[in-house]
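> Residue numbers (this note's numbering), protein chains in the order written: chain S, 224 to 364; chain B, 224 to 364; chain F, 224 to 364; chain P, 224 to 364.
Beta carbons are placed, not taken as given, at the ideal position from N, Cα and C, and that holds for glycine.
To start, I am sharing the structure in question, which I have written as C-alpha cells.
There are 4 protein chains.
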Amino acid sequence: MANPPFPVRLRVRYAETDQMGVVHHAVYPVWFEAARTELSRAVGLPYSQWEAEGALLMVTDLSCRFRKPARYDELVTVWVWVAELASRRVVFAYRVEGPDGTLLAEGETRHLLVDRHTGRPLAFSPAMREALRRQPPPDAS
Amino acid sequence: MANPPFPVRLRVRYAETDQMGVVHHAVYPVWFEAARTELSRAVGLPYSQWEAEGALLMVTDLSCRFRKPARYDELVTVWVWVAELASRRVVFAYRVEGPDGTLLAEGETRHLLVDRHTGRPLAFSPAMREALRRQPPPDAS
Amino acid sequence: MANPPFPVRLRVRYAETDQMGVVHHAVYPVWFEAARTELSRAVGLPYSQWEAEGALLMVTDLSCRFRKPARYDELVTVWVWVAELASRRVVFAYRVEGPDGTLLAEGETRHLLVDRHTGRPLAFSPAMREALRRQPPPDAS
Amino acid sequence: MANPPFPVRLRVRYAETDQMGVVHHAVYPVWFEAARTELSRAVGLPYSQWEAEGALLMVTDLSCRFRKPARYDELVTVWVWVAELASRRVVFAYRVEGPDGTLLAEGETRHLLVDRHTGRPLAFSPAMREALRRQPPPDAS
C-alpha cells in the first residue's frame, strides 16, 4: 500500500436516491472519484493540475461490493488509498462507511495514465509518484 | 415557431427515479437535451457536427413546470420544437407526455451560439438556420 | 423574503462536467436541492424529518439562468433563501457563486407540500412555518 | 448461461459525457440497468412487475472493464444475458459495443432477491425463474 486510508466525508443528496429508497448503486463510482480528487489535493498534487499539464488518469477497471444501503442526508465517509502503484498504472481502493462506522461498500478502481493529446500511455512523473506515495494528513475534511 | 413539435420517445430508467418513487426533477433537462439532439438529427444537421465544426450551443436559461410525475419504465414522449430563432440565439420548447398522452411537464431552454475556441458569440451559419427552420418528418423514432 | 441567504459550499465533481469542459446545466438543480437540505438542517428542521413525518415537498417549477460556467474542482457557494411562503407553497431562490464570488447562476424552485400517502396538498405545520421563517446562522458549513 | 445475449440499443446523451470528451465511467452501470429492464420485458416479466409484487432485485456486486471510450451521439449496443442463476441470486453479464461492433466495455452485476417490505432474502418464484431462463427474441429494439 502506497499510502494509508484517507477519509472524505460526503452528505448523501436526495438526487442520489432511487425508488428503492436508498442510494443508487451507480452513485458509488462518483463518490470514489470525489474521494480520489480530495486525496490528490491532500497529498499536494491536485488532479486538476494533472489534466492542466496534459495527463489523464483513465479508469480501466471498476469493481464495487455493496453491503448495506446508504440513505438520504446521511454523512458517509469514503476512505480512499493507493493500493498499487506501477510506472503507468495505479490502483485506488475504497471503503464507504455510514454515520456510525458501519461498512456500506468496498471498491477498487484501476487506472492508466495517458497523454491528453495523443491518448498514449504515459509514465508518472517523479512529482506524481512522490505524491501518490505520500502519507496524507490524518483528516483534511 | 420555426418548426412544428417533434416527438422523441424515451424509456424511463430506474436510475432516474428518486425515493419519492417518481422521476427526479433534474432528469427533465437531460431529456430535453436528448430531444434536441434527435431533432437536430431529424432536420439533417446533427448537433455532434456543430461541435465538430467549432460551434457550441450554450444553455443560458432553463425553465420547467412539473405537472404530473413520470414513473420507472414508462415510455414518455418529449415533444420538442424551435420556439424562437434569432441571429445568435435560439429557444427550444418542450412538452413531456406520459404513455397515455397526459401532460407531465413543460419547459423551455434558451441558447447562445458561441465559438468553441474563443467562447465568443457566433452567428448561425445559413445551413444551421435552414436546419432550425426545417420541418422535421412527423416521427423519426 | 422569509429568511436571509444561507451559504452552502460544494466542491465540483469530475462527473458533473461534460464535454464542453464545464459543469453540465442539469447539475444546478441538484446543487439547489443539496442547498435546500442544508438550509433545512440549519434552521432546525431537516427535510429528512419532513418525509419521515409524511410530508413531501414536491417541485412544481424550476428556473435557472446560467451566467458563467463552473469548472471541475472549484469550490462553489450556493446561496439559498426562502423567497416566498404561503400556506401550502414555498419558493426558494438561489445564487451560485464561483471561488472569487463571481455570479455563475441564479435560480428559483417552487414547491407544493403534499401528503406522502394520499398525494394531496397539505398545509405547513406551525413548526415547518416557523423553521422556514427562521434566520439561519450566518454560515454553518 | 441461462439465456443468450440480448441486444439493447442506446443513444449516448450529451449529459453522459465528461470533460475528457467521452462517456463518464459511472454511466455504464446505468446502461447495464437499462439493458436488464429491456431483457426482463423481452422475456415476458417486466422488472416493474417484480417490484409491484413486492420483490426487489438488489445489486450486491458490480464490475466493469473499460476498453475503448464511447462518445456523444453514438448508438451503442449493450448485450445483456443471465450468466448464473441460483435460488435467490442471479448474475447478469454485459458487453457494450460501439456503432461498428468494437468492444467498448464488459461488465457483470450480481443480485440478491429481497422482500420489499422485510428486506429479507427471497427465492425466485417459478414464473421469475422461467423468465430468467427464457430465450429472448433475437432483437426486440
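Taking a Cβ distance cut-off of 8 Å, strictly less, list which residues of the stretch 321-347 of chain S are near chain B, in chain order.
Shown here is that no member of the stretch 321-347 of chain S has a Cβ falling below 8 Å from a Cβ of chain B.
> Who are the near neighbours of residue 248 (chain S) in its chain, counting only those whose CB is closer than 8 Å to its CB and skipping five residues on each side?
287 and 289
> Under the three-state reduction of DSSP, which class applies to residue 268 (chain F): helix, strand or coil?
coil
> When you compare the CB of residue 249 (chain F) with every CB in chain B, is at least one pair closer than 8 Å?
For residue 249 (chain F), the nearest CB of chain B lies under 8 Å from its own CB, placing it at the interface with that chain.
> Beta strand (DSSP E) containing residue 230 (chain P): first to last residue?
229-234
> Here's the rule: buried if 16 or more other CB atoms are within 10 angstroms of the residue's CB, otherwise exposed. What is residue 259 (chain S)?
buried
> Does DSSP put residue 243 (chain S) in a helix, in a strand, or in coil?
Residue 243 (chain S) carries a coil assignment under DSSP once its states are collapsed to helix, strand and coil.
> With H, G and I counted as helix, E and B as strand and the rest as coil, what does DSSP make of residue 317 (chain F)?
strand
> Apply the 10 Å Cβ neighbour rule to residue 242 (chain P) and answer buried if 16 or more other Cβ atoms are within range, or exposed otherwise.
buried
> What is the DSSP secondary structure of residue 345 (chain P), counted as helix, strand or coil?
coil
> Determine, for residue 286 (chain S), whether the minimum Cβ-Cβ distance to residues of chain F falls below 8 Å.
no
> What residues from chain F crowd round residue 238 (chain P), counting only those whose CB sits closer than 8 Å?
241, 247 and 249
> To which residues of the same chain is residue 275 (chain B) closer than 8 Å at the C-beta, ignoring the five residues directly before and after it?
Cβ contact annotation for residue 275 (chain B) (same chain, cutoff 8 Å, sequence separation greater than five): none.
> Listing by chain order, which chain F residues have their CB less than 8 Å from the CB of residue 269 (chain S)?
296
> Does DSSP classify residue 340 (chain S) as helix, strand or coil?
coil
> Use the C-beta contact count for residue 240 (chain P): other C-beta atoms within 10 angstroms, 16 or more gives buried, fewer gives exposed.
buried
> Tell me which same chain residues have a C-beta within less than 8 Å of the C-beta of residue 227 (chain P), skipping the five on either side of it?
304, 358 and 359
> Since I believe residue 301 (chain P) is in contact with residue 233 (chain P) (beta carbons under 8 Å), could you give me their beta-carbon distance rounded to a whole number of angstroms?
6 Å
> When we look at the beta-carbon of residue 345 (chain S) and count the other beta-carbons within 10 Å, is it buried (16 or more) or exposed?
buried
> Name, please, each residue of chain P whose Cβ falls closer than 9 Å to the Cβ of residue 257 (chain B).
234, 236, 237 and 238
> Restricting to Cα atoms, I'd like to know which of P:320, P:294, P:325 and P:284 is closest to residue 312 (chain P).
Nearest C-alpha to residue 312 (chain P): P:284.
> Is any beta-carbon of chain S found at less than 8 Å from that of residue 314 (chain F)?
no
> If you follow the beta strand (DSSP E) that residue 283 (chain F) is in, where does it begin and where does it stop?
Unbroken beta strand (DSSP E) run through residue 283 (chain F): 278-289.
> Under three-state DSSP, which class holds residue 364 (chain S)?
Residue placement at residue 364 (chain S) cannot be trusted, given a pLDDT of 49 that sits under 50; what the coordinates show is reported in the next sentence. Residue state, collapsed to three classes: coil.
> Assuming residue 306 (chain F) is part of the beta strand (DSSP E), what are its boundary residues?
298-308
> To the nearest angstrom, how far is the alpha carbon of residue 332 (chain B) from that of residue 254 (chain S)?
For residue 332 (chain B) and residue 254 (chain S), the distance between alpha carbons rounds to 30 Å.
> According to DSSP, simplified to helix, strand and coil, what is residue 259 (chain F)?
helix
> Compute the minimum distance between the beta carbon of residue 288 (chain S) and the heavy atoms of the ligand GDP, and state whether it is under 7 Å.
Among the ligands in the structure shown, none appear at all, so the ligand GDP cannot be discussed.
> Return the CA-CA distance between residue 250 (chain S) and residue 291 (chain P), expressed in angstroms with no decimal places.
22 Å
> Rounded to whole angstroms, what's the CA-CA distance from residue 361 (chain B) to residue 263 (chain B)? Just pull it up for me.
14 Å
> Leaving out the 5 sequence neighbours to the left and right, which residues in its chain are closer than 8 Å to residue 269 (chain F) when beta-carbon positions are compared?
260 and 263
> Check whether the Cβ atoms of residue 231 (chain S) and residue 246 (chain S) sit closer than 8 Å, and answer yes or no.
no
> Residues of chain F with CB closer than 7 Å to the CB of residue 300 (chain B), please, in chain order.
Neighbours of residue 300 (chain B) on chain F: none; closest Cβ ~19 Å, over 7 Å.
> Kindly indicate if chain F contains any beta-carbon less than 8 Å away from that of residue 244 (chain P).
yes
> Strictly below 8 Å CB to CB, what residues from chain P border residue 253 (chain B)?
For residue 253 (chain B), the chain P residues whose C-beta falls within less than 8 Å of its own C-beta are 236 and 238, listed in chain order.
> Per DSSP, what kind of secondary structure is residue 249 (chain F) in: helix, strand or coil?
The three-state secondary structure of residue 249 (chain F), taken from DSSP, is helix.
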